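*Asks:*
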Amino acid sequence: MSRLLLFSIVFIEGFCSLGAEVIALRQIIPHLGSSIVVTAPTIGFFLLALALGYHAGAKIDEGYIEVVAKNFLLAALLVGIGLAGIGVDLLFTALRPPELAYLLLVAGVLCPIAWLLGQTVPILTNLLLRERAGEASGEALYYSTLGSFLGSLSLSLLVMQWLGVSAAVALCALLLVIGYTLLRGPGWRTAVISLAVASLTGVANAWLRPEIETAYASYLVLPVQYEGAINGRALKNNSSFASLIDDSEPPLYARYIRHIRSLLLDELGFRERRILVLGAGGFTLSHREPSNHYTYVDIDPAVRGIAEKHFLGEAARGEFIADDARRFVIRSEQRFAAAIVDVYGSHSSIPGHLVTREFWLATRRVLEPEGLLIANLILDSALATPYSRNLLATIESVYGRCAVEVLQKKQVLANVVVTCRNGQPAEPASLFIDERNSADFDLARSR
14 MSRLLLFSIV
24 FIEGFCSLGA
34 EVIALRQIIP
44 HLGSSIVVTA
54 PTIGFFLLAL
64 ALGYHAGAKI
74 DEGYIEVVAK
84 NFLLAALLVG
94 IGLAGIGVDL
104 LFTALRPPEL
114 AYLLLVAGVL
124 CPIAWLLGQT
134 VPILTNLLLR
144 ERAGEASGEA
154 LYYSTLGSFL
164 GSLSLSLLVM
174 QWLGVSAAVA
184 LCALLLVIGY
194 TLLRGPGWRT
204 AVISLAVASL
214 TGVANAWLRP
224 EIETAYASYL
234 VLPVQYEGAI
244 NGRALKNNSS
254 FASLIDDSEP
264 PLYARYIRHI
274 RSLLLDELGF
284 RERRILVLGA
294 GGFTLSHREP
304 SNHYTYVDID
314 PAVRGIAEKH
324 FLGEAARGEF
334 IADDARRFVI
344 RSEQRFAAAI
354 VDVYGSHSSI
364 PGHLVTREFW
374 LATRRVLEPE
384 GLLIANLILD
394 SALATPYSRN
404 LLATIESVYG
414 RCAVEVLQKK
424 QVLANVVVTC
434 RNGQPAEPAS
444 LFIDERNSAD
454 FDLARSR
């Protein structure tokens with residue numbers, strides 16, 4: 014085997030192995046979100062399988078090219094079919110709870126891909142007979158890691174963003190098929206097998222999800238019926254309902270949106286004020302609302318175009334900035350009368366860096382001195398779980414006492430609207446007890 018061919022195969026291995034990991038993480042988001050408790054185990058299991066692949070490859074002592082060719086072919090099938098959107102969706106639909114589907118996807122698809130491709134470098138370095146062992150392995154690892162670097166960047170920032178997730182799956186599978194063809198050499202058997210795997214990959218990934226896919230999320234607009242709605246439709250973000258709208262006059266929106274609009278426009282009488290919305294959703298907060306100036310911040314640069322074309326049917330009102338919410342509030346020099354926090358990666362899953370005390374502290378700096386923070390949270394309606402109690406306590410550790418309104422008290426999970434004022438931090442609370450009851454004094458000085 015020529016050095017050019019050998020290092021080309023190693024490059025394909027690196028590109029597709031890390032590419033498979035990136036694709037798997039993206040395919041999991043609509044079902045389990047992107048929290049650290051999902052991404053960290055996925056990366057950990059992938060690296061473990063890769064290490065076991067290195068160990069297995071080191072023990073191969075004959076038939077080097079044949080073994081790698083077979084591994085590439087099997088990996089192509091696992092990537093092209095196992096990581097295809099329709100396959101992942103069927104898996105999560107068929108198995109409950111979703112954690113079981115996750116384990117099967119990781120253990121049955123992602124880890125075997127890593128194990129098969131991990132064998133490539135230790136096997137093929139046996140063919141570099143005229144070089145020192147360190148030199149041979151170093152060169153091979155260089156091209157493998159270079160492939161991993163380019164694969165992670167190109168798939169996430171280019172292919173997924175412009176062509177979709179299915180295109181990224183197909184590209185990785187077809188590169189592995191090309192690697193198999195190069196290893197096996199010309200011949201009718203090689204051609205038939207390669208064509209068969211490529212065709213299966215094409216069929217699996219041509220059967221696209223009904224969603225509109227970007228590198229950040231999957232969006233779907235579908236008709237829904239709800240009280241008083243005319244031609245109601247919902248925007249789903251990563252399999253979760255994000256926004257509602259209909260053709261009534263005036264339109265009927267999701268209940269929490271109606272609640273926040275009423276608070277801003279009717280109770281507070283906001284007019285000609287600057288309002289920040291972290292998490293764009295369907296842009297319904299400012300829909301046909303000319304009284305105030307809205308700035309939307311969302312990490313997905315495609316969300317505005319998707320909402321306008323497929324959901325609103327008209328231009329979204331307000332400025333749009335594609336940025337991470339935390340990064341924006343840390344860096345922005347703008348000040349707003351109200352900041353609405355409505356950031357969800359999937360149903361009831363807020364990205365972890367947007368729930369910490371440091372994030373809520375950063376939101377204060379973009380508010381006017383008496384500005385309002387309004388957060389839409391999806392919590393248990395009793396506010397009894399550790400997550401609910403700790404999240405509310407975190408917000409109030411920054412803003413002091415906030416108004417907490419549970420909108421659907423009969424449901425297990427409900428929209429909880431938290432409203433806080435950006436005034437001076439409240440002094441620590443003290444309890445009224447019989448021995449030292451300061452209630453009358455506190456009441457007098459509070460008037």
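Residue numbers (this note's numbering): 14 to 460.
The beta carbon of each residue, even a glycine, is placed where N, CA and C say it ideally should be.
Just so it is clear, the structure is predicted and the values come from calculations on it, not from any experiment.
Excluding sequence positions up to five away, which residues of its chain have a Cβ less than 6 Å from the Cβ of residue 95?
*Replies:* Around residue 95: 122.
*Asks:* From residue 127 to residue 356, what does the alpha carbon distance come to, in whole angstroms?
*Replies:* Each residue's alpha carbon lies about 33 Å from the other.
*Asks:* Suppose you measure from the CA of residue 92 to the CA of residue 134; what does that come to, to the nearest Å?
*Replies:* Distance between the alpha carbons of residue 92 and residue 134: 19 Å.
*Asks:* For residue 237, which option in 217, 176, 267, 434 has the closest C-alpha, if you only look at C-alpha atoms?
*Replies:* When only C-alpha atoms are compared, the closest one is 267.
*Asks:* Would the stretch 202 to 214 and the stretch 241 to 253 be scored as touching if the rule is three or more Cβ pairs under 8 Å?
*Replies:* In short, these stretches do not touch, since the Cβ pair count stays below three.
*Asks:* Flag this pair as yes or no: are the beta carbons of residue 73 and residue 136 separated by less than 7 Å?
*Replies:* Yes, these two residues count as a Cβ contact at 7 Å.
*Asks:* If you run the structure through DSSP and keep just helix, strand and coil, what is residue 232?
*Replies:* Residue 232 falls in the strand class under three-state DSSP.
*Asks:* With a 10 Å radius around its C-beta and 16 neighbouring C-beta atoms as the bar for buried, classify residue 450 as buried or exposed.
*Replies:* Counting Cβ neighbours within 10 Å, residue 450 comes out exposed, since fewer than 16 surround it.
*Asks:* Give me the residue from 283, 260, 279, 256 with the minimum Cα distance to residue 493.
*Replies:* There is no way to answer for residue 493, as the model of the chain reaches only from 14 to 460.
*Asks:* Beta-carbon within less than 6 Å of residue 20's beta-carbon, same chain only, minus the 5 sequence neighbours each way: which residues are those?
*Replies:* Here the set comprises 156.
*Asks:* DSSP on residue 83, reduced to helix/strand/coil?
*Replies:* It is helical.
*Asks:* Let me confirm a value: residue 304 is counted as buried when at least 16 other C-beta atoms fall within 10 Å, else exposed. Which label applies?
*Replies:* By the neighbour-count rule (16 or more Cβ atoms within 10 Å), residue 304 is not buried but exposed.
*Asks:* Please report how far the alpha carbon of residue 288 lies from the alpha carbon of residue 40, in whole angstroms.
*Replies:* Each residue's alpha carbon lies about 34 Å from the other.
*Asks:* Between 193, 103, 125, which has its C-alpha nearest residue 64's C-alpha?
*Replies:* The shortest C-alpha separation from residue 64 is found at 125.
*Asks:* What are the boundary residues of the alpha helix (DSSP H) that residue 102 is part of?
*Replies:* Counting along the chain, the alpha helix (DSSP H) containing residue 102 begins and ends at 98 to 107.
*Asks:* Apply the 10 Å Cβ neighbour rule to residue 425 and answer buried if 16 or more other Cβ atoms are within range, or exposed otherwise.
*Replies:* It is exposed - the Cβ of residue 425 has fewer than 16 other Cβ atoms within 10 Å.
*Asks:* What's the C-alpha gap between residue 53 and residue 31?
*Replies:* If you take the alpha carbons of residue 53 and residue 31, they lie about 15 Å apart.
*Asks:* Got a sec, what are the start and stop residues for the beta strand (DSSP E) residue 393 sits in?
*Replies:* From DSSP, the beta strand (DSSP E) with residue 393 extends over 380 to 393.
*Asks:* Kindly indicate which three-state DSSP category residue 52 falls into: helix, strand or coil?
*Replies:* Residue 52: helix per DSSP, three-state reduction.
*Asks:* Work out the CA separation of residue 371 and residue 461 for me, nearest whole Å.
*Replies:* For the chain, the structure presents residues 14 to 460; residue 461 sits outside this window and is missing.
*Asks:* Do the stretch 332 to 343 and the stretch 289 to 308 meet, that is, are 3 or more Cβ pairs less than 8 Å apart?
*Replies:* As far as the Cβ criterion goes, the stretch 332 to 343 touches the stretch 289 to 308, which means the pair count is three or higher.
*Asks:* Going by DSSP, what residues sit across from residue 307 in a beta bridge?
*Replies:* Answer is 288.
*Asks:* When you compare only the Cα positions, how much space is there between residue 349 and residue 307?
*Replies:* Cα to Cα, the separation comes out at about 9 Å.
*Asks:* Indicate the three-state DSSP secondary structure (helix, strand or coil) for residue 433 in the structure shown.
*Replies:* Strand.
*Asks:* Do you know how far the Cα of residue 188 is from the Cα of residue 25?
*Replies:* Their backbone Cα atoms lie some 7 Å apart in a straight line.
*Asks:* Can you name the start and end residues of the alpha helix (DSSP H) that residue 250 belongs to?
*Replies:* Counting along the chain, residue 250 falls outside any alpha helix (DSSP H), though it belongs to the beta strand (DSSP E) covering 246 to 250.
*Asks:* Counting only the same chain and skipping the five closest in sequence on each side, list residues whose C-beta sits under 6 Å from that of residue 138.
*Replies:* Closer than 6 Å at Cβ, skipping near neighbours: 149, 150, 153.
*Asks:* Are the beta-carbon atoms belonging to residue 218 and residue 183 less than 7 Å from one another?
*Replies:* Closer than 7 Å, so yes.
*Asks:* Could you tell me which of 130, 173, 177, 147 sits nearest to residue 160, measuring between CA atoms?
*Replies:* The shortest Cα separation from residue 160 among 130, 173, 177, 147 belongs to 130.
*Asks:* With a threshold of 7 Å between beta-carbons, can residue 250 be considered close to chain D, or not?
*Replies:* Judged by its chain identifiers, the structure shown contains no chain D, having just a single protein chain.
*Asks:* Identify every residue that forms a DSSP beta bridge with residue 426.
*Replies:* Its beta-bridge partners are 393.
*Asks:* Going by DSSP, what residue range makes up the beta strand (DSSP E) through residue 353?
*Replies:* Its beta strand (DSSP E) spans residues 349 to 354.
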